[in-house]
Amino acid sequence: MSNKKSTAGAITIALALILAACGSDADKAAETTAKAAATTAAPATTAAAAATTAAATETTAATDGTTAGSTPAAEIPDLSAYTIGFAQVGAESGWRTANTKSIQSAAEDAGVKLVFTDAQGKQEAQVESIRGFIEQKVDLIAFSPVVETGWDAVLGEAKEAGIPVILTDRAVDSKDTSLYKTFLGSDFVLEGEKAGDWVNTEFADADSVKIVELQGTTGSAPALDRAEGFRNKVTDPKFDIIASQTGEFTREGGKKVMEAFLQANPEIDLVYAHNDDMGLGAIEAIEAAGLVPGEDIKILTVDAVHDGMQALADGKINFIVECSPLLGPQLMQLAGAVLNGETVPERVVTVETTFDQEQAIAALPDRQY
Ligand code: GYE
Numbered sequence: 012m013s014n015k016k017s018t019a020g021a022i023t024i025a026l027a028l029i030l031a032a033c034g035s036d037a038d039k040a041a042e043t044t045a046k047a048a049a050t051t052a053a054p055a056t057t058a059a060a061a062a063t064t065a066a067a068t069e070t071t072a073a074t075d076g077t078t079a080g081s082t083p084a085a086e087i088p089d090l091s092a093y094t095i096g097f098a099q100v101g102a103e104s105g106w107r108t109a110n111t112k113s114i115q116s117a118a119e120d121a122g123v124k125l126v127f128t129d130a131q132g133k134q135e136a137q138v139e140s141i142r143g144f145i146e147q148k149v150d151l152i153a154f155s156p157v158v159e160t161g162w163d164a165v166l167g168e169a170k171e172a173g174i175p176v177i178l179t180d181r182a183v184d185s186k187d188t189s190l191y192k193t194f195l196g197s198d199f200v201l202e203g204e205k206a207g208d209w210v211n212t213e214f215a216d217a218d219s220v221k222i223v224e225l226q227g228t229t230g231s232a233p234a235l236d237r238a239e240g241f242r243n244k245v246t247d248p249k250f251d252i253i254a255s256q257t258g259e260f261t262r263e264g265g266k267k268v269m270e271a272f273l274q275a276n277p278e279i280d281l282v283y284a285h286n287d288d289m290g291l292g293a294i295e296a297i298e299a300a301g302l303v304p305g306e307d308i309k310i311l312t313v314d315a316v317h318d319g320m321q322a323l324a325d326g327k328i329n330f331i332v333e334c335s336p337l338l339g340p341q342l343m344q345l346a347g348a349v350l351n352g353e354t355v356p357e358r359v360v361t362v363e364t365t366f367d368q369e370q371a372i373a374a375l376p377d378r379q380y
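Take 12 as the starting number for the sequence shown in this note's numbering and just add one per residue.
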């Protein structure tokens with residue numbers, strides 16, 4: 012799991028990016044001279060500025076929980092001379108839909124030719140897409156890996172073909188970090204820890220708390236890391252995670268698993284769902300069982316997409332840890348820098364916050380997704 016860096020690293024990243032903007036890899040620059048004419052040194056400088064903003068905003072977010080949609084405003088470079096292949100996970104959640112839109116609209120703004128594929132949650136389909144991109148000789152490949160393991164072979168093929176790869180959203184567990192240029196996305200362990208912090212505060216006076224967990228896709232970085240981060244914090248023996256199962260990050264999956272949890276366990280105090288969609292499915296199951304979500308059973312989720320925020324505002328969800336899907340502009344900046352032959356930081360962490368009910372009500376009118 013390469014997604015273990017704490018957000019404290021964000022400042023380092025900003026510094027790294029500034030430094031990166033000052034130097035470049037001579038070989039790659041030579042290789043891309045013709046195409047580089049289309050871009051200028053500007054993207055790297057802009058990227059550095061945006062990353063600095065990201066670090067600064069993060070400090071703000073720590074003290075101001077209402078900072079919403081916190082992805083830094085990014086100036087998008089002109090990439091009209093290039094083709095980028097993007098292999099998306101699928102369309103499993105509101106988060107994913109917003110992420111796809113962000114990438115497609117940033118690509119349009121950059122004028123880049125985007126070859127977009129949807130793997131419908133299947134790693135084999137993603138591998139096939141990447142092989143297709145290599146065959147088409149795209150200039151750069153970006154993708155959000157469905158699961159963490161099993162990427163070395165195909166990423167090796169991209170490297171062999173001289174096509175740079177950028178990971179977005181989810182990490183791979185490859186030991187060989189030369190297989191990709193950078194990884195842009197959230198710190199999922201930190202998200203799990205923020206969820207755990209809330210549990211400690213919310214249940215400070217309770218003697219015993221029975222928790223059920225709706226996990227994301229088995230083997231995916233967010234499922235592994237959100238489970239781990241949560242357990243890093245929820246350590247008091249009064250907390251008992253009585254059941255934990257995957258709901259595949261979908262509303263339907265969350266509903267089905269929650270129905271089974273409710274049947275097997277008459278007393279549940281809290282649902283920890285790895286995304287809003289599964290939490291929304293759990294709400295349906297809880298209501299169908301004649302219970303009141305948010306009151307009889309508390310609900311804690313991750314993402315902060317519109318439907319989740321509405322449920323939080325309505326009191327059916329109790330707390331949401333934000334995970335921003337708006338990665339498109341930063342992806343185009345990083346792609347511009349890579350295609351320009353510049354060195355980019357190996358990790359760029361997305362800036363995020365958390366929401367309680369009041370903060371959700373305040374943030375909803377301006378929410379972008
Ligand atoms: O939290 C979930 C989506 O990888 C961060 O995938 C992403 C997760 C997101 O399906 O809703």
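From the three backbone atoms N, C-alpha and C, an ideal C-beta is built for every residue, glycine too.
Buried is the label assigned to Gln-370, since at least 16 other Cβ atoms lie within 10 Å of its Cβ.
Pro-248 and Thr-364 have their alpha carbons spaced roughly 28 Å apart.
With contacts defined by Cβ atoms closer than 8 Å, Ala-373 and Ile-177 do not form a contacting pair. As a beta-bridge residue in DSSP terms, Leu-178 pairs with Phe-154 and Phe-194. Our two residues, Thr-108 and Asn-351, have alpha carbons roughly 30 Å apart in a direct line. With 16 or more neighbouring CB atoms inside 10 Å of its own CB, Val-158 falls in the buried class. For the pair Gly-305 and Asn-329, the CB atoms are nearer than the 8 Å cut-off.
Here Glu-333 is buried: its Cβ has 16 or more other Cβ atoms, across all protein chains shown, within 10 Å.
Annotation for Gly-305 indicates a beta carbon at 7 Å or more from all heavy atoms of ligand 1.
The segment 119-127 and the segment 86-97 touch, with no fewer than 3 CB-CB distances between them shorter than 8 Å.
A straight line joining the alpha-carbon of Pro-340 with that of Ile-87 spans about 6 Å.
When DSSP states are grouped into helix, strand and coil, Ile-87 belongs to the coil group. Around the beta carbon of Glu-224, 16 or more other beta carbons sit within 10 angstroms, so the residue counts as buried. Val-138: not part of any beta strand (DSSP E); member of the alpha helix (DSSP H) spanning 134-146, first to last residue. Considering only Asn-286, Ala-284 and Met-269, the residue with the shortest C-alpha distance to Glu-278 is Met-269. Counting along the chain, Ile-331 sits inside the beta strand (DSSP E) bounded by residues 330-333. A straight line joining the alpha-carbon of Ser-185 with that of Val-303 spans about 44 Å. In this structure, the straight-line span from the alpha carbon of Val-360 to that of Ile-331 is close to 19 Å. For Ser-113, the shortest separation between its Cβ and any heavy atom of ligand 1 does not lie below 7 Å. DSSP places Ala-102 outside both helix and strand once states are collapsed to three, so it counts as coil. Residues Gly-105, Trp-106, Ala-109, Asp-287 and Tyr-380 of the same chain have their beta carbon placed closer than 7 Å to that of Val-316, with the five preceding and five following residues left out of the count. In the displayed model, Gln-131 falls within coil according to three-state DSSP, outside both helix and strand. Taking 3 residues as the minimum length, the beta strand (DSSP E) runs contained wholly in the segment 256-290 are 281-284, in order along the chain. Setting aside the 5 residues that flank it on each side, Ser-219 is surrounded in the same chain by Lys-249, each with a C-beta closer than 6 Å to its C-beta; the list follows chain order. About 6 Å separates the CB atoms of Ser-255 and Gln-226; that is less than 8 Å, so the two are in contact. The C-beta distance from Gly-326 to Met-289 rounds to 19 Å, too long to fall under 8 Å, and the pair is not in contact. In this structure, the C-beta of Pro-340 stays at least 7 Å away from each heavy atom of ligand 1. It is roughly 30 Å from the alpha-carbon of Asp-129 to the alpha-carbon of Ala-271. Annotation for Ala-238: Gly-203, Glu-224, Gln-226, Ser-255 and His-285 place their beta carbon closer than 8 Å to its own, counting only its chain and skipping 5 residues before and after. For Val-313, the enclosing beta strand (DSSP E) begins and ends at 309-314. Distances from the CB of Arg-142 to the heavy atoms of ligand 1 are all 7 Å or more. For Pro-304, the three-state secondary structure derived from DSSP is strand. Counting C-beta atoms within 10 angstroms of its own C-beta, Gly-173 has fewer than 16 neighbours from the protein chains shown and is therefore classed as exposed.
In the DSSP assignment, Lys-186 falls outside any alpha helix (DSSP H) and carries neither an H nor an E.
Assignment of Glu-213 by DSSP, reduced to helix, strand and coil, places it in the helix class.
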